[in-house]
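Working notes, structure below.
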Amino acid sequence: MAGPKSSVLRRIMPQLVILGAALLLNVLVFPDFFHVDFRNGRLFGNVIDVLNRGAPVALLCIGMTLVIATRGIDLSVGAVMAIAGATAASVVTDGYGWGTALLAALAAGALCGLWNGVLVALLKIQPIVATLVLMVAGRGIAQLITEGKILTFSNEGLIHLGAGTILGVPTPILIWMALGAAVIWVVRRTALGMLIEAIGINERSSRLAGINSRVLLVCVYLVSGLCAALAGVIVAADIKGADANNAGLWLELDAILAVVIGGNSLLGGRFSILASLIGALIIQSVNSVILLSGMPPEFNLVIKALLILAILVIQSPRITYLMYMLRASGPQPQPDRPPMPKARKEEAR
Amino acid sequence: MAHDIPPVLHATGISKFFPGTIALDDVELRLEAGEVHALLGENGAGKSTLIKCLTGAYQRDGGTIRLSGHEVAPQSTAESQKLGIGTVYQEVNLLPNLTVAENLYLGRQPMRWGLVDRRRMNAMARDALAGYGLDIDPAEPLTAYSVAIQQVVAIARAVEMSGKVLILDEPTASLDRDEVQLLFGVIRQLKARGLAVVFITHFLDQVFEISDRATVLRNGRVVGTRLLSEVSQKDVVTLMLGRQLEAQVHERKAASAGAKLIEIDGLGKRGMLEPLSLALREGEVVGLAGLLGSGRTETANLIFGAVQADQGRMLLRGREITVGNPREAVRHRFALCPEDRKTEGIVGDLSVRDNIILARQAAQGWVRPIPRAEVNEIAERYVRALDIRLASLDMPIRLLSGGNQQKALLARWLATNPDFLILDEPTRGIDVGAHAEIIALIEQLRADGMALLVASSELEELVAYSTRVIVLRDRRQVRELTGAEITPDNIVRAIADDDGREVA
Ligand SMILES: Nc1ncnc2c1ncn2[C@@H]1O[C@H](COP(=O)(O)OP(=O)(O)OP(=O)(O)O)[C@@H](O)[C@H]1O
Ligand SMILES: [Mg+2]
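Residue numbers (numbering that gives the first Met the number 0), protein chains in the order written: chain S, 0 to 348; chain Z, 0 to 503.
Structure, rendered in structure tokens:
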């Protein structure tokens, strides 16, 4: 084995290639895509937009990757975004500072994550059902907080989180990159990553090996709730208001998609947050192509679906294996599993 | 055998490569009609891989297969089943959530008015299983039953599928003597019908009892095919290992036990295990004997907290402790190497290294990762000590051969330095050479002052290492044998005898 660095690179290679292709498409429809300007103390350019607009999904997919690694799923993240945005907005409109608002939003997110975690880990409800509860109820809760209207605010500090810059770089970019790096660091520098993977692969074996799978499960949903809360604050800050109906709508699906494009199996187990983050950028690049090509918005969703279908087909184990066979000439050892499988294949029968 | 009758199955030049391993190298296997052909070899020799190449579970990298003289190339296990090759793979591969009957007849359910005729299917299943001495409800989900019963179901399914060849990869690993005899009865019937049966096992007694010929593999090559009537067990072992196995002498261990470590007082769970009492000293090996379903595994699980007891108490060094779950058990320096390695042992997709370190890391908590260098040192030490055959420590553990997985699990628990080690069927699937080494290891651990509780269905083995043997029947403790009383015959008698019901 050639060291951890090269194995990380090998792991994210397919995602990097796809990202490259998506960016290339952008350049084809808009040659100035990579042009970056520095105006009024802020970086401008389409690449910057991709990084900036991709922030919510990037944040969501950090927590989602961990949840999926445990063989779970968190459908409630979009609704949690709405709750967190509403909480932050109502706290600042009540006259508190942006710090208090952020903390309140994070606390709300943590509470939501805890709720999901308890349903899944302690009550043993299937994750897809358990998190569906909050997905449905969450927007109602958010509406209760905003009292049914779009709650606008003008608190500079809070707005800065979504629309401001630090040293010219839009704040959301810094937030998702910092959080991503921090979580990757914690997960890989401690034994957390391995233990999470273990319970995702074989919970029974892991429990018998003395792993505290309940606490780990709760933690994982908690992290997902916190990520969603941050994403919700950013989205609210960006539009200077909390929209309980539309904030984060359908974003849980984008987040799941980012994780899948990142080559993480929905059956749990080995995971890579870095690959998921690249997956989030791929999705945002696809959005950007559609926007830049000037196609009528009716086509957006269809084209996005087609592009994503193409990406998933390219990554499917069968195709990867076929490509491998085409490349390999002459008798060579062939793997029984394709190099980058997404679903665990039965060994026999 | 006449010259013009082609062999039922003739495989030549079979090769299979894995990254870092040549699993099979130019292997030839010839099965005549009406023979039972044993396939022998050490752990990792390539037996299971050969089977999978023959049945299309793996794509072979070279070689041809002829079935009754015609070349075939099954691309999938379904295809080989259609060709008349029924197979039981080493790791029972049934669908746990379906019922027993559904597992037996999946894909060829009896139909009535276009719907599955459940009543008939269940009746058929009941009949089929009765032939193996099993009287269970086929309408229950498979998970309701033990690995042994699942193994019988897998065998019954394969037997019904096999028109020409039946392949059994370690089918008897979790069976008792009686069940093995029933299985052999079925095999003899198939043999009389002209089928060829491939039988893989590490029990040489069974090989000599049922098989006509044996092909021995070593490191992926055939080292010989022998008529078993012409060779001795010793010859076969020497062929397998490529060296002689020194005879092990086991002198009767004096009860050199140290301080009292554990007292189990009336531990039990309704419907699972009658209250059981047992005390263990340091430097003592207590064997647990009994038939399938007699409560051996249940005893191990209750003590380790894998299942919560509803009565009784436990004392550790004289102080009462509660063991509500495996995590607490590990905290008290208990360890349990479970019976069912696939579902309760290995974490398949994690590397061998991570699997070995798992329990120790879990005990240390996630905040304090064991440094990489130390992890490697521990993993390499146990790979060497237990002779685990692998291409690299980074390979997922599910790619190891069955016996090597078993050894890696043993390594996982030895790495936690337990005071009290519970082993449930520690030598399941382990080859003859390693078998002797594991017995020696248990002996060594005992001498170093560990307390061990070992459940095993192999009586010779129990006799070799136990300082005391507890016999279970119908989920209750029926006898305790000590000292010179510990002989295979006495254990068999205690298991069978209905009069010895006084609790020792
Ligand atoms: N899918 C795979 N990928 C990589 N290596 C493999 C794979 N399957 C088997 N091997 C390797 O091939 C070798 C032969 O394994 P095999 O399972 O055939 O052994 P075996 O003779 O059945 O041993 P046992 O008695 O322990 O069951 C082992 O070294 C194993 O690690
Ligand atoms: Mg095998």
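We treat Cβ as the ideally placed atom computed from N, Cα and C, and that holds for glycine.
query: How many whole angstroms separate the CB atoms of R304 (chain Z) and V284 (chain Z), which I take to be in contact at a CB cut-off of 8 angstroms?; result: The identity of residue 304 (chain Z) in the sequence shown is Gly, whereas the question assumes Arg. At roughly 21 angstroms, the Cβ-Cβ gap does not stay under 8 angstroms, so G304 (chain Z) and V284 (chain Z) are not in contact.
query: Just tell me which of Z:I438, Z:A493, Z:P5 has its CA closest to the CA of G193 (chain Z).; result: Z:P5
query: Quick check for students: name the residue ranges of the alpha helix (DSSP H) that lie wholly in the stretch 424–464 of chain Z, counting only runs of 4 or more.; result: 431–446, 458–464
query: Fully enclosed by the stretch 123–151 of chain S, which alpha helix (DSSP H) runs are 4 residues long or longer?; result: 126–145
query: Please confirm whether L335 (chain Z) has its beta-carbon closer than 8 angstroms to some beta-carbon of chain S.; result: yes
query: Under a Cβ-count criterion, where at least 16 other Cβ atoms within 10 Å of its own Cβ denotes burial, should F333 (chain Z) be classed as buried or exposed?; result: buried
query: Can you give me the Cβ contacts of G156 (chain S) inside the same chain, cut-off strictly under 6 angstroms, excluding the 5 residues immediately before and after it?; result: W97
query: Check this for me: beta carbons of A257 (chain S) and I282 (chain S), under 8 angstroms apart or not?; result: yes
query: With a threshold of 7 angstroms on Cβ separation, who are the neighbours of I21 (chain Z) within its own chain once the five nearest residues in sequence on each side are excluded?; result: G219
query: Is there a C-beta anywhere in chain Z that falls below 8 angstroms from the one on A279 (chain S)?; result: no
query: Which class does M12 (chain S) belong to by DSSP, given the choice of helix, strand or coil?; result: helix
query: Using three-state DSSP, classify F526 (chain Z) as helix, strand or coil.; result: The structure shown has nothing for residue 526 (chain Z), since chain Z only spans 0 to 503.
query: Considering only their Cβ atoms, is the gap separating G344 (chain Z) from S204 (chain S) smaller than 8 angstroms?; result: yes
query: Let's test the definition: count the other Cβ atoms within 10 Å of the Cβ of A254 (chain S) and tell me whether it reaches 16, buried, or not, exposed.; result: buried
query: Would you say the beta carbon of S204 (chain S) comes nearer than 7 angstroms to a heavy atom of ligand 2?; result: no
query: With DSSP as the reference, label K81 (chain Z) as helix, strand or coil.; result: helix
query: What does the Cβ neighbour count give for A327 (chain S), buried or exposed, with the cut at 16 atoms within 10 Å?; result: Reliability fails at A327 (chain S), whose pLDDT of 47 lies under 50, so the model's placement of it is uncertain and no value is given.
query: For a cutoff of 8 angstroms on Cβ pairs, would you count T189 (chain S) as touching chain Z?; result: yes
query: Can you check which of these residues, Z:L335, Z:Q205, Z:M313, is closest to L275 (chain Z) by C-alpha distance?; result: Z:M313
query: So, for M160 (chain Z): in the same chain, excluding its five sequence neighbours on each side, which residues have a beta-carbon less than 7 angstroms away from its beta-carbon?; result: Q80, G85
query: Please go through the stretch 21–76 of chain S and give each complete alpha helix (DSSP H) segment of 4 or more residues, from N-terminal end onward.; result: 45–52, 54–68
query: I want to know whether the stretch 10–21 of chain Z touches the stretch 165–184 of chain Z - three or more CB-CB distances under 8 angstroms.; result: no
query: I want to see whether chain Z comes within less than 8 angstroms of I210 (chain S), judged by CB atoms only; does it?; result: yes
query: Within the chosen definition, does the stretch 85–92 of chain S reach the stretch 138–146 of chain S through at least 3 CB pairs nearer than 8 angstroms?; result: yes
query: Output, in chain order, the set of chain S residues within a Cβ distance shorter than 9 angstroms of T342 (chain Z).; result: N201, R203, S204
query: Whole angstroms are fine: how far does the CA of P487 (chain Z) sit from the CA of V468 (chain Z)?; result: 11 angstroms
query: For A22 (chain Z), report the span of its beta strand (DSSP E) as first-last.; result: 20–30
query: What does the alpha-carbon distance come out to for the pair R269 (chain Z) and G317 (chain Z)?; result: 26 angstroms
query: Among the residues of its own chain, which have a CB less than 7 angstroms from the CB of A352 (chain S), if the five just before and after it don't count?; result: With chain S running from 0 to 348 in the structure shown, residue 352 (chain S) is simply not present.
query: How far does the alpha helix (DSSP H) with P487 (chain Z) in it extend, from its first residue to its last?; result: 487–495
query: At a CB-CB cut-off below 9 angstroms, which residues of chain S make contact with R411 (chain Z)?; result: A208
query: Shorter than 8 angstroms from the beta carbon of G347 (chain Z) to some beta carbon of chain S?; result: yes
query: Just the chain Z side, please: which residues come within less than 8 angstroms of M176 (chain S) by C-beta, in chain order?; result: Going along chain Z, no residue has its Cβ under 8 angstroms from M176 (chain S), so there is no contact; the nearest lies around 24 angstroms.
query: Mind checking if A327 (chain S) is an interface residue toward chain Z, Cβ cutoff 8 angstroms exclusive?; result: With a pLDDT of only 47 at A327 (chain S), under 50, the local geometry of the prediction cannot be trusted, and no value is derived from it.
query: Measuring only the C-alpha atoms, how far is G44 (chain S) from F152 (chain S)?; result: 27 angstroms
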